[in-house]
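Trainee: Here the protein sequences line up with chains A and B, keeping their order. FYI, in the working numbering the residues of the first sequence are 1 to 448. FYI, in the working numbering the residues of the second sequence are 449 to 896.
Number of protein chains: 2
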Amino acid sequence: MKIILLSGGSGKRLWPLSNDVRSKQFLRLLPMADGGTESMIQRVVRQIRESGIADSITIATGESQLDPIQSQLSNEVSVVTEPCRRDTFPAIALASLYLKDQGTSPDEPIVVMPCDVFTEEGYFSVIQKMAKATEANVAELILMGITPSSPSTKYGYIVPASTEPDAFGAYPVSRFTEKPDTEHAIELLTENAVWNGGVFAFRLGYLTDIVKQYSDFDSYEALRRHFESLPKISFDYEVVEKAKSVAMIPFSGEWKDLGTWDALSEQLPKEYTGYVVNSPDVRHTHVVNELDIPIVCVGVDNLIISASPDGILIADKESSDTVKEHVSVINSRPMFEERRWGFYKVLGHTEYPDGHRSLTKLLHLNPGCAISYQLHARRDEVWTIVDGEALLVIDDKIIKVGRGDVADIKAGQRHAIKALTHLEIIEVQSGSELVEEDITRLPWDWDE
Amino acid sequence: MKIILLSGGSGKRLWPLSNDVRSKQFLRLLPMADGGTESMIQRVVRQIRESGIADSITIATGESQLDPIQSQLSNEVSVVTEPCRRDTFPAIALASLYLKDQGTSPDEPIVVMPCDVFTEEGYFSVIQKMAKATEANVAELILMGITPSSPSTKYGYIVPASTEPDAFGAYPVSRFTEKPDTEHAIELLTENAVWNGGVFAFRLGYLTDIVKQYSDFDSYEALRRHFESLPKISFDYEVVEKAKSVAMIPFSGEWKDLGTWDALSEQLPKEYTGYVVNSPDVRHTHVVNELDIPIVCVGVDNLIISASPDGILIADKESSDTVKEHVSVINSRPMFEERRWGFYKVLGHTEYPDGHRSLTKLLHLNPGCAISYQLHARRDEVWTIVDGEALLVIDDKIIKVGRGDVADIKAGQRHAIKALTHLEIIEVQSGSELVEEDITRLPWDWDE
């Protein structure tokens, strides 16, 4: 069995930790047994690995998430990036063709699941049951049903056609409903309906056959080049609702969406993360501080406080699910990004009255990682090496650099750097336009 | 009449805006008629100037406050700096000898007052009356009494010897008491006692005669060199309690100590200063944000929130007078300082496992201002000019620099810079020890 993990989403419900480029599944906040922390996506991948149910994990995602995935999961997973965002059906189609091209049999069970679910071991046992039911041809599609804890209006529902499961623990499905109103949700519970958990199992050939209806391109590379030939439609509409037979296997263990500050704070390993000082009378307050400067709380109660290079949030816990709407007015560039080579953090930026700008960043490269050979049309960069050793290339000349060395890189000059150890650079950008997009990437062979 | 303003204090009751080098009197937060803001010391100096009562203002202060005073008041005042802190009597003695050396007559009335009082016009009319009573020899010393609004235990009290003032509005003083307990304070009010406002008037010769009892050095420069010859004692103990005759003139107008966040917030021109976003249901909350990143408040009530490069405070208003005790555990270098040439702000700093450090600063120089010729023993500095034009000196060579220019200054290299326009520099320090004290100042004549 092979797993396709869907890693989408971006947004500001967990601002200032999440933003347009840093989705919630990448926040390294969840407690691990060894006292460390991990992100939601790291947790799910670890749980899959520990359950031993899958031969491989393929993550289907957008280009913008490639860097954080490589940084957090390195070579534990394969990654399939959509050239543009076109909803879940095209994403799953592309990942399926990738698996086919890797030599996966058309009969192989594939399980698609979200990467940002906070759940327990039993969830992965149900996934294994779903794969077995797929192998046994119980139905074209097997879905996971989440046993409802309340008549929630936040989820779609699956209504079973029987009250007794078959030998594989599966129930035939009678119908699906969209997110209901409360009255309708209460009615659905009397019909033993369950929440749709967004987990789907099918044979690989089943999906590749559907793709053929839309596209002449049946290799991964070809479909990726002609990605727009696929309709912009969700897997639920395109596949689930059209399937001839659908079954559901229920899961009733811990299953949470840590998508709001209030929900996330319940899972934090401690009430205070980072440099935090509290008066003894602080109550029911969670603080996550990613800045280097201290947060001091005196006499406060029932707050969520979070600070990152993007900004500072102070919210009453009960109101914290409205954060997204209030931060929508903030339209600044990302101030922290995880990259395949490490991460950067913006330390300061200024726009001068004549439109000239400056931006100061800390760049942290992991040993052996490199920033690709590149040039910028509209900015100079000054790099001061403050820690570590590296190979620096400027206009095709390569030199070894270390602490105290300075590179004065003018607009138009080609440059690259490869870290030989952990490497920290202070980068001062200066120019008329300072955006990540002002970049021309060039080839460079470090092994030459 | 001449005024001596005492500018002392440092501390963390208004942290993170105030710190060991940035006393509360320098916070530019108070509203001005033109819509701008001014600091407490700027407000007091402006009020003295507008009242027209004084020929000159001399500020007695410590070395560390010279830079912010010059930056905020430029040439409106004279400044006398104590070579070390030795309490109020030595400070006033030094300022008095300075006035004597400037040619002030021994008969000239001198009024000593604090620089951080938040008060109104009438206060300065009382000061004028005090000077007139001094001229008329009503007593050796005239004090200002503040009409009490409550039996406060925060102030010393002055008990008058009569219930009727003389022709100058002065009451003879019967005795002084230290800060009383509440019971004693209630008793004092029945005796028509007033708070001691820390404002003293005397003839210049009266004080210089007292200084002679301690020191053979009767010029300003000589006394400054032998400052330790004066006893470490307050003006109250050394002068007020020993005076043969003391009178008091009362003041009953607005008079406040803006020394806590709760008191200060009542005087702020608006509830939100800086980059602040609030949900509509935020109530009774004051936010002062000196950072470039946004503070977002959602659903909070009755808070003081303040952020500066030193840190972030979130305090319940009622608890905000305890801020000082909770921040006492924070022992970091100042992250913002006003300097005679402008200001600096720390953007980031790191200590590496081997003890090496890096520190990145934004330096802002005002036009015509210069950073003195200097060298550092234990750090390199890389300067990137991000705005403006300047004259740069390195090892006695002077060149003109502007945007995009980079100076790579190694430990031991002599360097200075003079701003020809507003100038911004990103400075990256790197070395084994990064403290303001690692500096050797050298002479350099810009007019050569």
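Ideal placement from N, C-alpha and C gives every residue a C-beta, glycine not left out. Since the model is a prediction, treat every value here as computed from it, not as a measurement.
Which residue's Cα is closest to the Cα of residue 3/A: 69/A, 322/A, 108/A?
Mentor: Per the Cα distances, 108/A.
Trainee: Along the chain, where does the beta strand (DSSP E) that runs through residue 131/A open and close?
Mentor: Unbroken run through residue 131/A is the alpha helix (DSSP H), 121-135; no beta strand (DSSP E).
Trainee: Which residues mark the beginning and the end of the beta strand (DSSP E) in which residue 431/A is found?
Mentor: Segment 423-431, the beta strand (DSSP E) holding residue 431/A.
Trainee: Closer than 6 Å by C-beta to residue 68/A: which residues in its own chain qualify, once you throw out the five before and the five after it? Chain order, please.
Mentor: Within the same chain, residue 68/A has close Cβ partners 26, 338.
Trainee: Which residues in chain A have a C-beta closer than 9 Å to the C-beta of residue 457/B? List them in chain order.
Mentor: None at all; the shortest Cβ gap to chain A is about 20 Å.
Trainee: Counting along the chain, where does the alpha helix (DSSP H) carrying residue 474/B start and finish?
Mentor: From DSSP, residue 474/B is part of no alpha helix (DSSP H); its letter is neither H nor E.
Trainee: Cβ of residue 797/B less than 8 Å from any chain A Cβ?
Mentor: Yes, its Cβ sits closer than 8 Å to a Cβ of chain A.
Trainee: Where residue 668/B and residue 528/B are concerned, what is the direct C-alpha to C-alpha distance, given to the nearest angstrom?
Mentor: Roughly 9 Å between the two C-alpha positions.
Trainee: Using the beta-carbon count (16 or more within 10 Å), is residue 382/A buried or exposed?
Mentor: Under this definition residue 382/A is a buried residue.
Trainee: Does DSSP put residue 260/A in a helix, a strand or coil?
Mentor: Residue state, collapsed to three classes: coil.
Trainee: I need the boundaries of the beta strand (DSSP E) containing residue 374/A, first residue and last residue.
Mentor: Start and end: 370-375.
Trainee: Could you confirm whether any beta carbon from chain B is found closer than 8 Å to the beta carbon of residue 320/A?
Mentor: Answer yes: the Cβ-Cβ gap between residue 320/A and chain B drops below 8 Å somewhere.
Trainee: Using a Cβ-Cβ cut-off of less than 8 Å, list which residues of the segment 821-852 of chain B approach chain A; keep chain order.
Mentor: Residues 828, 830, 832, 834, 835, 851, 852.
Trainee: What does the alpha-carbon distance come out to for the pair residue 483/B and residue 477/B?
Mentor: Roughly 11 Å between the two C-alpha positions.
Trainee: Taking just the CA atoms, how far does residue 406/A sit from residue 856/B?
Mentor: Straight-line Cα distance between these residues: approximately 7 Å.
Trainee: Please report the Cβ distance between residue 298/A and residue 763/B, rounded to the nearest whole angstrom; I am assuming they are in contact, meaning their Cβ atoms lie under 8 Å.
Mentor: Correct: roughly 4 Å between the Cβ atoms.
Trainee: Could you tell me whether the Cβ of residue 424/A comes closer than 8 Å to any Cβ of chain B?
Mentor: Closer than 8 Å to some Cβ of chain B, the Cβ of residue 424/A qualifies, so yes.
Trainee: Indicate whether residue 508/B and residue 449/B have their beta-carbon atoms separated by less than 8 Å.
Mentor: No, the Cβ-Cβ distance between residue 508/B and residue 449/B is not below 8 Å.
Trainee: Using the Cα positions of residue 302/A and residue 318/A, report the straight-line distance between them to the nearest angstrom.
Mentor: Taking the straight line from one Cα to the other gives about 8 Å.
Trainee: Give the range of the alpha helix (DSSP H) segment to which residue 657/B is assigned.
Mentor: Counting along the chain, the alpha helix (DSSP H) containing residue 657/B begins and ends at 652-662.
Trainee: Comparing the C-beta of residue 732/B with each C-beta of chain A, is any distance below 8 Å?
Mentor: Judged by the 8 Å Cβ criterion, residue 732/B is not in contact with chain A.
Trainee: Do residue 323/A and residue 296/A count as a contact pair if the criterion is CB distance below 8 Å?
Mentor: Not closer than 8 Å, so no.
Trainee: In whole angstroms, what separates the C-alpha of residue 245/A from that of residue 113/A?
Mentor: So the alpha carbons of these two residues sit roughly 20 Å apart.
Trainee: When DSSP labels each residue in this structure, what does residue 726/B get in the three-state scheme?
Mentor: Residue 726/B falls in the strand class under three-state DSSP.
Trainee: So, residue 392/A versus residue 420/A, is the Cβ gap smaller than 8 Å?
Mentor: Cβ distance not < 8 Å, so residue 392/A and residue 420/A don't count as in contact.
Trainee: Following the continuous alpha helix (DSSP H) through residue 409/A, name the residue where it begins and the one where it ends.
Mentor: That residue, residue 409/A, is in no alpha helix (DSSP H); its beta strand (DSSP E) goes 406-409.
Trainee: Excluding the 5 residues flanking residue 568/B on each side, which residues of the same chain have their C-beta closer than 7 Å to its C-beta?
Mentor: If we look at residue 568/B and ignore the five residues flanking it on each side, its Cβ neighbours are 701, 702.
Trainee: For residue 414/A and residue 139/A, I'd like the C-alpha separation in whole angstroms.
Mentor: Roughly 57 Å separates the two Cα atoms.
Trainee: Taking only the alpha-carbon atoms, compute the straight-line gap between residue 164/A and residue 133/A and give it to the nearest angstrom.
Mentor: Approximately 15 Å, taken between the alpha carbons.
Trainee: Would you kindly work out how many angstroms separate the C-alpha atoms of residue 459/B and residue 650/B, rounded to a whole number?
Mentor: Roughly 30 Å separates the two Cα atoms.
Trainee: Which partner residues does residue 328/A have in the DSSP bridge list?
Mentor: In the DSSP output, where bridge partners are listed per residue, residue 328/A has none listed.
Trainee: Note down the Cα distance separating residue 753/B from residue 538/B, rounded to an integer number of angstroms.
Mentor: The straight-line gap from Cα to Cα measures roughly 38 Å.
Trainee: Starting from residue 99/A, trace the beta strand (DSSP E) both ways and give me its first and last residue.
Mentor: Careful: residue 99/A lies outside any beta strand (DSSP E), inside the alpha helix (DSSP H) at 88-101.
Trainee: Nearest to residue 808/B by CA position, among 798/B, 870/B, 565/B, is which residue?
Mentor: Of 798/B, 870/B, 565/B, the residue nearest in Cα terms is 798/B.
Trainee: Given a threshold of 16 other Cβ atoms within 10 Å of its Cβ, counted over all protein chains shown, does residue 737/B qualify as buried or as exposed?
Mentor: So residue 737/B counts as buried.
Trainee: Does DSSP put residue 592/B in a helix, a strand or coil?
Mentor: Residue 592/B falls in the strand class under three-state DSSP.
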